[in-house]
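First the structure, in the form of structure tokens, and then the observations on it.
Numbering (this note's numbering), first residue to last: 204 to 910.
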């Protein structure tokens, strides 16, 4: 009876208010499909065409028209169509206006044209193609004039496929103009469909494209030309995420390969509701009743605050129940909290106050709670490090304001005093942190390869005369000895040969200059010496020819075990002493080191690979005067590498090359062509030293590390 009275009262109020508020009434809607697949709707009014305001939504695809100062005189409030991409039309009246809502398959263009006492609405297809052909009298103030119709349909000018970054397949469709109505959707698994309304497909592009060889998720592209335009059917394989963008005259469709988990996560992010689907269709129903229906549908218990009031109108078709609940709560400024199988619903501000009061009560309880003590024997970590973490030394503390921690370094034990709840939280954290650190065995092979070549060629002359006391030395690396004749005594025999001896007890006269064959060559290796002695002249000659090659390899294979993210150092080298002047001009002995060192800091990744920070340094002494500080040549490599477990990495490039060339000659004689070779001494050498470091890290299992 109350509903009847409400309806009668509403009708009376509408009849009284209509003459003053509504200038016309919507009496009829006539639907038909145009030549190009567009939907034509003729709107009839009782008193001329009203002012029209419209807007379009892309997600969900919906067109809304507001007819101001208009009442709804249609027989049906909802009309199902399924024509030209429009599924349904709903007519609603609110106050002095009537609203028409068109639910569409996707975003479609629209246009309006006034025809006498009617208004023609064109949705989809070639914009206003049919409407423009109709006679157009002077439009009303709010009606838009008919849009200009292009002389030809939009045309595809290019279809291009490329391989993008990270194996993505990218389809680029180019048109002859901008503003193309393109709808891209995924109707099924591994399928993408692009509907291009009102577009022509040239014969050159009316063929399927097999793009399997590009190695992307897209396998085949098939363009199809139809009455409503062009449809691009894209077939794929595997898991991929589709992204379409339209800019200017180009439509880009990209399929990015993803894992199944990434695809499911992306779907959840785009649509976070996962509840069982429900249909709700109510008008002016109380919010508490809707909540009770949802609770009964889900089997959950519901607790609603006394502040939950009001009514709501719902028309939800096949939506997840958690989405329906969220929509109802948001429409009335409500919020919910789920604890187990109980849902609590209250105004958002009320729930926030309750949670704040709970936090304050908990903080007060912690302030009054008694303190307890706990002794924790730390197994693997350093107790001092964990204590610093509990105190908040790294910006994160677990102790409460009244909590304290002490360390017994001798037994590696923590002494903790805090509330019982806080100690339980601390113990749970320490259980995660105090674990055995994984270890890595670093095996290094250090190879020092030496390669050298030395060549010597030259002639040394020596001559001396006893009577004239002269000495003549040829090309030599030594120092000629003057006055050689003073040490020669003896006599010439009947055959003209000189016999006697040299007075040179130290032998210094025979180093290089004024050679005496009796002593042979100063360096007998690959040298040949001879001499001729007469009564007063001694003539010596030494021919030196030397060519030597030397190759050597020095290999050391140190091995060390270190903990994860702990530096391991391997050093080998030598130490030399030298004299320096200290305070008060007092000599003192100091030492310098030249080392070949290797520093490795391993880091084990979650997938059992190893990141190594490597520093290789190779020092060597240079020659210096006796007693002086020897200079040191330094070579250094510092790098970071990522290797698999047991894989070997090679570090090289520390190559030292020393080239030497020496020439000694007799002035004037050594410069003579051909003959000058008898008065020259040449020495050349080439020494190469290369350092190679082979590093092999291996992750040790717990049992192997103990052995």
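Note that the Cβ used here is the ideal one computed from N, Cα and C, for glycine as well.
- Membership of residue 491 in any beta strand (DSSP E) is not indicated; the residue belongs instead to the alpha helix (DSSP H) covering 490-501.
- Closest in alpha carbon position to residue 605, among 576, 252, 582, 764, is 576.
- In the DSSP assignment, residue 564 falls within the alpha helix (DSSP H) that extends over 551-571.
- Inter-residue distance for residue 307 and residue 313 is about 12 Å (C-alpha atoms, whole angstroms).
- In terms of Cβ geometry, residue 585 and residue 767 do not form a close pair [threshold 9 Å].
- Residue 777 and residue 617 have their C-alpha atoms roughly 45 Å apart.
- Per DSSP, the unbroken alpha helix (DSSP H) holding residue 593 starts and ends at 586-594.
- Beta-bridge analysis with DSSP links residue 779 to 795.
- In this chain, the beta strand (DSSP E) harbouring residue 425 covers 421-428.
- In the structure shown, residue 788 falls within a helical segment according to DSSP collapsed to helix, strand and coil.
- When the five nearest sequence neighbours on each side are left out, the beta carbons in the same chain lying within less than 6 Å of the beta carbon of residue 283 are those of 291, in order along the chain.
- For residue 578, the three-state secondary structure derived from DSSP is strand.
- Annotated three-state conformation of residue 313 is strand, per DSSP.
- With a cut-off of 8 Å on Cβ pairs, the region 479-496 is in contact with the region 509-517, counting three or more such pairs.
- Look at residue 264 here: in three-state DSSP terms it is strand.
- Closest option to residue 269, judged by alpha-carbon separation, among 298, 455, 840: 298.
- Taking all protein chains in view, the Cβ of residue 603 is crowded by 16 or more other Cβ atoms within 10 Å, so the residue is classified as buried.
- Membership of residue 457 in any alpha helix (DSSP H) is not indicated; the residue belongs instead to the beta strand (DSSP E) covering 453-460.
- Residue 361: member of the beta strand (DSSP E) spanning 359-366, first to last residue.
- Following the DSSP letters along the chain, one finds residue 528 in no beta strand (DSSP E) but inside the alpha helix (DSSP H) bounded by residues 524-534.
- Residue burial is scored here from C-beta neighbours: residue 873 has at least 16 other C-beta atoms within 10 angstroms and is therefore classed as buried.
- Residue nearest to residue 411 within the set 417, 403, 418, 422 is 422 (criterion: CA-CA distance).
- Less than 9 Å divides the Cβ of residue 357 from the Cβ of residue 402.
- The criterion of a C-beta distance shorter than 9 Å is not satisfied by residue 300 and residue 294.
- Taking residue 404 as reference, the option from 360, 765, 753, 387 with the minimal CA-CA separation is 360.
- Judged by their CB atoms, residue 229 and residue 244 are not nearer to each other than the 9 Å cut-off.
- Taking each of 592, 607, 783, 889 in turn and checking the Cα distance to residue 619, the smallest one comes out for 607.
- Looking only at 433, 819, 761, 495, the smallest Cα-Cα distance to residue 362 is reached by 433.
- The secondary-structure analysis by DSSP pairs residue 234 across a beta bridge with 244.
- Taking C-beta separations shorter than 7 Å and ignoring five residues to either side along the sequence, the partners of residue 547 in its chain run 506, 539, 540, following chain order.
- In this chain, the beta strand (DSSP E) harbouring residue 273 covers 273-275.
- Spatial neighbours of residue 855 in its own chain (CB-CB distance under 8 Å, excluding positions within 5 residues in sequence) are listed in chain order as 893, 894, 895, 896.
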